[in-house]
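Note that our numbering has the sequence shown beginning at -18, numbered continuously upward.
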Amino acid sequence: MKPINDRVVVRPAAAEEMTQGGIIIPDTAKEKPQRGEVISVGPGKDGNAMTVNVGDVVLYGKYAGQELNYEGVDYLIMREDDILVIL
């Protein structure tokens, strides 16, 4: 997948299965992950270079991006502006 303009493809991290105290979290109570790995980066928009690179681990907004399931793997396609921080 090759995104266009300032779009980024991110593979979200898996949801937490257990709390730090050892309590197992049921599927209905799991929160949507806000962390993921950048899989593909577009060329940028209006001559501005992209800040993120393939392989970066990023944090993004809770409702950022468009969900996509491609070949059985879940991805998010979002604008670079939706990324809050590179870890």
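Ideal Cβ placement from N, Cα and C applies to all residues, glycine included.
For the 9 Å CB-CB criterion, Asp(-13) and Gly25 form a contact.
In this structure, the CA atom of Pro(-7) is about 24 Å from the CA atom of Ala30. With a cutoff of 9 Å on beta-carbon distance, Val(-9) and Glu18 are scored as near each other.
DSSP lists Val54 as the bridge partner or partners of Tyr51. The Cβ atoms of Ile67 and Val33 lie closer than 9 Å to each other.
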